[in-house]
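**Student:** Below is a structure I'd like to ask you about.
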């Protein structure tokens, strides 16, 4: 679905039979889909590049 207004075009919606999005998975509150502990490892790994960059600057 597109919105057309004064020469502008904006995506207002979309749908697909093959979409990877599922509304029942779109929550981070339900521990069956996403564990908050996963964030700890992600943050640690993502911060590693910053620590290495800082060490190389010294």
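Residue numbers (our numbering): 14 to 71.
All C-beta atoms in this analysis are idealised placements derived from N, C-alpha and C, irrespective of residue type, glycine included.
1) By Cβ distance below 8 Å, which residues in the same chain neighbour residue 15 in space, the five residues on each side in sequence not counted?
2) Which class does residue 63 belong to by DSSP, given the choice of helix, strand or coil?
3) Once DSSP output is grouped into helix, strand and coil, what is the label at residue 35?
4) For residue 30, name the three-state secondary structure that DSSP assigns.
**Tutor:** According to the data block:
1) Within the same chain, Cβ atoms closer than 8 Å to the Cβ of residue 15 are found at 22, 23, 24, 25, the five residues on either side in sequence being excluded.
2) The answer is helix: DSSP assigns residue 63 an H, G or I state.
3) Per DSSP, reduced to three states, the secondary structure at residue 35 is coil, with no helix or strand assignment.
4) In the structure shown, the three-state DSSP call for residue 30 is coil.
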